[in-house]
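One structure is given below, encoded as structure tokens.
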Amino acid sequence: MKKERFRQITPNIWEIPVDFKQGMLVPARILTSETLVDGIDERVIDQITNVACLPGIKKYALCMPDGHSGYGFPIGGVAAFSLRDGVISPGGIGFDINCGMRLLRTNLIFDELKPKMEELLNKLFSTIPSGVGSSGFVELNRKEFNELMERGAEWCLTNGYATSADLEHIENRGRLEPADHTAVSEKSISRGINQMGTLGSGNHYLEVEIATPENIYDRETAKVFGIDRDYQVILAIHCGSRGFGHQIATDYLQIFDKCAKKYGLTVRDRELMSAPAKSEEGERYFRAMACAANAAFANRQLIVSGIRRVLKDVFKKSDEELGIETIYDVAHNIAKIEKYEIDGHMEELLIHRKGATRSFGPGRPEIPLKYQSVGQPVIVGGSMETGSALLCGTKKADEESFGSTLHGAGRTMSRMQAKRMIRGDAVKQRMKESGILVKTGYMPGLAEEAAFAYKDIDDVIEAVDAIGISRRVARFYPVMNIKG
Amino acid sequence: MPFELTDLHTSADIGLVATGKNRFELFNDAAIGLTSIMVDIDGLMENRERPVSLRGENFEDLFFQWLSEIIFIKDAERFLMKRAEINFEKEGQAALQGRLFGDSIDPKRHILKTDVKAVTFYKFRVEKMGEIWKAEVVFDL
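Here you go:
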């Protein structure tokens, strides 16, 4: 009966007022449906109201419908800070800086894939490294890695791992400014230099999915995004900046912890340790974070180049015949400077998105020309058993959620609890019976990612669609999953 | 049990509670607990060793750095720690040095589990309760 403690602003927006907790500077808002609101974890309420206490926060601390408990910010958390007197917080971005999603379209249809399923699964698994401590296929020296972290996906284009069309369809064209390799520690470089082109583990994956005609909700927009044939084969990639980004966040969390006293900053949760956005430490972290974001854009691009090689080999078709094109690539763990209306004036703010996706609507200059009429593609990762979804951004997101929306289904239970309920081999069998092939280096990990450990993806999508912060376009059915 | 994995504080990540009769036991058990999230520890050999030397601002900070170091060498050196021989500087000094013993990551020989990305400050606690040292930590997965 949580909803009685909230003030209902609209049917799908629930507010926690500033008197809920001492130190709150703005209200917290949970964006979710009446059905899902009672299921919100108490820890999410504690975490989002802690965010509302951070200096310089504007309007509201927001939690998306897929929100679940993490550390510092809840996962699904969005907050905007003044550049003048606000903060930057690694706990509001996550250790996996620019963890994100890439969606690829192809000219292939399911009937062409069916006889090649096993071969494709095995070749993708052997080509795209995954799991603990995996190394990528690209060998980089320090100079090359410095270039990669400052230029992101652009580095991939220069070195033959990307097409110019790929770059057009990546958030920020795959290069976030002001990346500066001198803001990055030697330890971060050592951790990340051999990991470019790898998936990682946990909930990271590479999935082959089918666009079935009954799950295309907006055919015109889907066509603009390249979903233009029945039973089309789609590929989804979910991963981030690997050990490189994890170490950058670790380094700066400790730096911020030590300089908090100097800036008179206190936080309710030490994981929210921050620095003033305009301080030397804060600006340096922003430059290092941009390096990690670029490494993540490059990482996903390198995986795409591996996928292209495998598909050419398996289907014996040319690039033109296969038509593998990037629909879009989105970051869902990031901080960015964007302009929003505050008290009647447009103001540059530092937007933190932790487990939340940018959702820019039609006409925004930041999105590709091709998508100007419909808005930015928003890629929502589901569980291995349910597949992902494609939405599009809206103007309403600017007003309600600092141009943000959900990023996934959102966990309903811990990994440990899921493993107590089912074995990994049982999940594999169940998926096989549903026509989904899965390959992983660690079978019990499949239990952690079982569908029942997540909210129903259709419910969370329905919530954002109803609020209007993004619009439903299509759902894809999974047929093959490589779990990291 | 010298360490226990827990989901008490988080649904997305994992917690660890470690105890020890002394500082060495606490550090060693917590590190083994951390490694056990990433790999079946029984399958690790002790065919590699490396020195370790860390200094913190205080004991809690040293513990944070210790666990972060185990994660760092897993990625940077593909080294999975199985056992530590470490000495602390005298009481009141937050520093340690010694050697780590373990194995190189090998998917053919090891049951690799879930990667640990980082040590978080969320619910992070190290304390001496009577004669027992106890630490609580949440790892980002």
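Chains as they are written, first to last, in our numbering: chain A, 691 to 1174; chain B, -3 to 137. Built from N, CA and C at the ideal position, the CB exists for glycine as well.
Tell me where the beta strand (DSSP E) around residue i begins and ends.
i	result
Ile1069/A	Pro1067 to Val1070
Phe135/B	Ile128 to Asp136
Thr110/B	Unbroken run through Thr110/B: none, as it is neither H nor E.
Asn797/A	Gly790 to Ile799
Ser816/A	Note, Ser816/A: premise wrong, no beta strand (DSSP E); alpha helix (DSSP H) at Met807 to Thr817.
May I ask you to report which of helix, strand or coil DSSP gives residue i?
i	result
Met1074/A	coil
Met886/A	coil
Gln698/A	strand
Val97/B	Looking at the sequence shown, residue 97/B is not Val but Phe. Strand, per DSSP.
Asn43/B	coil
Cys981/A	helix
His758/A	strand
His5/B	coil
Gln1107/A	helix
Arg832/A	helix
Pro903/A	helix
Ser995/A	helix
Glu1089/A	helix
Ala852/A	coil
Met1036/A	strand
Cys846/A	helix
If you drop the 5 nearest sequence neighbours on each side, which residues of the same chain put their C-beta closer than 6 angstroms to that of residue i?
i	result
Glu711/A	Sequence check: residue 711/A is Lys here, not Glu. Within the same chain, Lys711/A has close Cβ partners Thr739.
Thr1047/A	Val1020, His1022, Val1068, Thr1095 and His1097
Ala1156/A	Asn702
Arg977/A	Pro868, Asp870 and Ala873
Leu798/A	Val923
Ile128/B	Thr15
Pro780/A	Ala939, Tyr942 and Leu943
Ser820/A	Leu889 and Gly1174
Pick from the options: whose alpha carbon is nearest that of residue i?
i	options	result
His106/B	Asp25/B, Leu92/B, Ile37/B and Ala27/B	Ile37/B
Val898/A	Asp756/A, Arg1101/A and Pro1168/A	Pro1168/A
Ile1017/A	Glu809/A, Asp856/A and Ala843/A	Asp856/A
Gly850/A	Ile993/A, Leu1039/A and Gly766/A	Ile993/A
Asp1115/A	Leu798/A, Arg1165/A, Gly1131/A and Thr1102/A	Gly1131/A
Gly1034/A	Lys749/A, Gly1158/A, Glu724/A and Arg733/A	Lys749/A
Pro717/A	Asp731/A, Ile787/A, Lys833/A and Ile699/A	Ile699/A
Glu56/B	Tyr895/A, Lys948/A, Gln885/A and Tyr907/A	Lys948/A
Asp102/B	Ala131/B, Thr110/B, Arg74/B and Tyr118/B	Arg74/B
Arg1043/A	Ala1140/A, Asn797/A, Ala1025/A and Asp870/A	Ala1025/A
Glu808/A	Leu1001/A, Ser1091/A, Arg1165/A and Leu1012/A	Leu1001/A
Leu137/B	Asp941/A, His936/A and Glu705/A	His936/A
Asp9/B	Gly762/A, Tyr975/A, Leu896/A and Ile747/A	Gly762/A
Pro1174/A	Met1106/A, Leu794/A, Arg841/A and His894/A	It is Gly, not Pro, that sits at residue 1174/A in the sequence shown. That would be His894/A, whose Cα lies nearest to the Cα of Gly1174/A.
Glu861/A	Ile1126/A, Phe934/A, Thr940/A and Gln1066/A	Gln1066/A
Tyr975/A	Leu955/A, Thr940/A and Thr956/A	Thr940/A
Ala1137/A	Ser1160/A, Lys1129/A and Ile1112/A	Ile1112/A
Ile1077/A	Ala1140/A, Gly1093/A and Phe915/A	This sequence places Gly at residue 1077/A; Ile is not what is there. Gly1077/A has its Cα closest to that of Ala1140/A, out of Ala1140/A, Gly1093/A and Phe915/A.
Could you tell me the boundaries of the alpha helix (DSSP H) in which residue i lies?
i	result
Val1154/A	Ile1147 to Ile1157
Pro1134/A	Pro1134 to Glu1138
Phe55/B	Phe55 to Ala72
His936/A	Arg932 to Tyr953
Gly29/B	Arg19 to Met34
Val914/A	Arg909 to Val914
Please list, in chain order, all residues of the same chain as residue i whose beta carbon is under 7 angstroms from its beta carbon, the five residues on each side excluded.
i	result
Gln1062/A	Pro1052 and Gly1053
Gln61/B	Leu50 and Gly52
Val828/A	Met886, Gly887 and Leu992
Among the residues of its own chain, which have a CB less than 8 angstroms from the CB of residue i, if the five just before and after it don't count?
i	result
Glu65/B	Val48 and Leu50
Leu726/A	Pro755, Lys1145, Asp1149, Val1150 and Ala1153
Leu30/B	Leu12, Leu63, Ile66, Ile67, Val112 and Phe135
Phe696/A	Trp704, Glu705, Ile706, Ile720 and Val727
Leu22/B	Ala14, Thr15, Gly16, Phe59, Val122, Trp129, Lys130 and Ala131
Leu962/A	Asn740, Val741, Leu744, Gly762, Phe763, Ser779, Gly781 and Gly782
Pro1134/A	Lys1109, Arg1113 and Gly1114
- [ ] Closer than 9 angstroms, Cβ to Cβ, to anything on chain A: give me those residues from the region 109 to 135 of chain B, in chain order.
- [x] Lys109, Thr110, Asp111, Val112, Lys113, Ala114, Val115, Thr116, Phe117, Tyr118, Lys119, Phe120 and Val134
Open item on the list: Beta carbons nearer than 8 angstroms to chain A: which residues of the region 29 to 56 of chain B have them?
Closed with: Listed by position, the residues of the region 29 to 56 of chain B near chain A (Cβ gap below 8 angstroms) are Met34, Val35 and Glu53.
Task: Contact set between the region 933 to 966 of chain A and chain B, restricted to residues whose Cβ is under 8 angstroms from the partner - done: Gly933, His936, Gln937, Ala939, Thr940, Leu943, Gln944, Asp947, Lys948, Asp959, Arg960, Glu961 and Met963
- [ ] Below 8 angstroms between beta carbons is the criterion; list the residues of the region 1061 to 1076 of chain A that meet it against any residue of chain B, in chain order.
- [x] none
- [ ] Pull out every residue of the region 852 to 884 of chain A whose Cβ sits closer than 7 angstroms to any Cβ of chain B, in chain order.
- [x] Lys877, Ser880 and Arg881
Open item on the list: What are the residues in the region 1116 to 1135 of chain A lying within 7 angstroms of chain B by C-beta distance?
Closed with: Gly1131, Tyr1132 and Gly1135
Open item on the list: Short of 7 angstroms Cβ to Cβ, which residues in the region 68 to 83 of chain B face chain A?
Closed with: Phe68, Lys70, Asp71, Ala72 and Arg74
Open item on the list: To be precise: take each residue of the region 6 to 20 of chain B, compare its Cβ to all Cβ atoms of chain A, and keep it if any distance is under 8 angstroms. Which residues remain?
Closed with: Thr6, Ser7, Ala8, Asp9 and Ile10
Open item on the list: Please list, in chain order, the residues of the region 1072 to 1106 of chain A that have any C-beta partner in chain D closer than 7 angstroms.
Closed with: Checking the listed chains, one finds no chain D in this structure; the protein chains it contains are A and B.
Open item on the list: Output needed in chain order: residues of the region 760 to 771 of chain A with a Cβ under 7 angstroms from some Cβ in chain B.
Closed with: Gly760, Tyr761, Gly762 and Ile765
- [ ] Could you run through the region 785 to 796 of chain A and flag, in chain order, every residue whose CB is less than 9 angstroms away from some CB of chain B?
- [x] Phe785 and Asp786
Task: Selection of the region 736 to 761 of chain A by Cβ proximity to chain B, strictly under 8 angstroms - done: His758, Ser759, Gly760 and Tyr761
Task: Interfacial residues, the region 812 to 830 of chain A to chain B, with Cβ spacing under 7 angstroms - done: Gly821, Val822 and Gly823
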